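In our numbering, the protein residues as written are 163 to 445. Working notes, structure below.
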Ligand code: FE
Ligand code: FE
Ligand code: ZN
């Protein structure tokens, strides 16, 4: 069964957000693990958490995804930035695990001049201070577009991070269609080849989430600008083929397109309608 949802605001609390997912006719969601541009977070009361758990259970939500703040940079060579990132990732792994969120995704980070290798070592060290090996949550490394000094635009770099940590079984991958396209993986003309490469370098079982986005920026541009599905350089046909790919049928899809809740509801319903039509045409 298709698992699809979007990035949701948790401004109204987490139970309210789960209710909004149901109204959107989605069956999963991505939320920020804390204020994405600051560092604050809300502590939920017992009743709110129980309501949240009940709503997701009754509506058979697929795996939920939390996204760490964009400001978090575990690759940083600047001591203050790095220590802050280490603290945030440690706290958020624990907090999201306690909430029963299945996956926490973060941007590996930007090395800002110290080089990719040193950046990767910092990420590994930070994850090793954060993970206890006792968690249920999986920490996902996001595939990046490679803008600036960003780490994670090549599958090999994500592999190096996973290989370095003490509990590699707690690490998975979140593939962002906009980012991989901008990074130079041709998901329009060679989706099978990209998935083969992913499997060879990382292993397909590590793929736990797909960020389904179109890209405003062209192939191999190393620029990160999301577009609504079908309104960017990847296009509707290629994104539908991603969703239909037999190797990806069990992976949850999360939209991060520049639309409001109403726009996302329409986007999800349009995608489902088109997938259904295509299935009927093939049958
Ligand atoms: Fe992201
Ligand atoms: Fe993303
Ligand atoms: Zn992005």
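Note that beta-carbon positions come from the ideal geometry of N, C-alpha and C, so glycine has one too. A quick note: this is a predicted structure, and the numbers were derived from the prediction, not measured.
In this structure, residue 433 sits near residue 391, with a CB-CB distance shorter than 8 Å. Closest in C-alpha terms to residue 275, from the list 282, 239 and 258, comes 239. Ranked by Cα distance from residue 360, the first of 320, 199 and 380 is 320. In the DSSP assignment, residue 265 falls within the unbroken beta strand (DSSP E) covering 265-268.
Between residue 272 and residue 230, the beta carbon gap of about 14 Å keeps them out of contact (Cβ cut-off 8 Å).
Residue pairing of residue 416 in beta bridges, as defined by DSSP: 167 and 373. For the pair residue 256 and residue 423, the CB atoms are not nearer than the 8 Å cut-off. Those residues whose C-beta sits under 6 Å from the nearest heavy atom of ligand 2 are, from N- to C-terminal order along the chain, 304, 338, 373 and 418. Nearest C-alpha to residue 190 among 373, 332, 366 and 202: 373. With fewer than 16 neighbouring CB atoms inside 10 Å of its own CB, residue 216 falls in the exposed class. Residue environment: residue 220 is assigned as exposed (fewer than 16 neighbouring CB atoms within 10 Å of its CB, all protein chains considered). With respect to the 8 Å criterion, residue 398 and residue 387 are not classified as neighbours on the basis of their beta carbons. According to the DSSP secondary-structure assignment, residue 436 is paired through a beta bridge with no residue.
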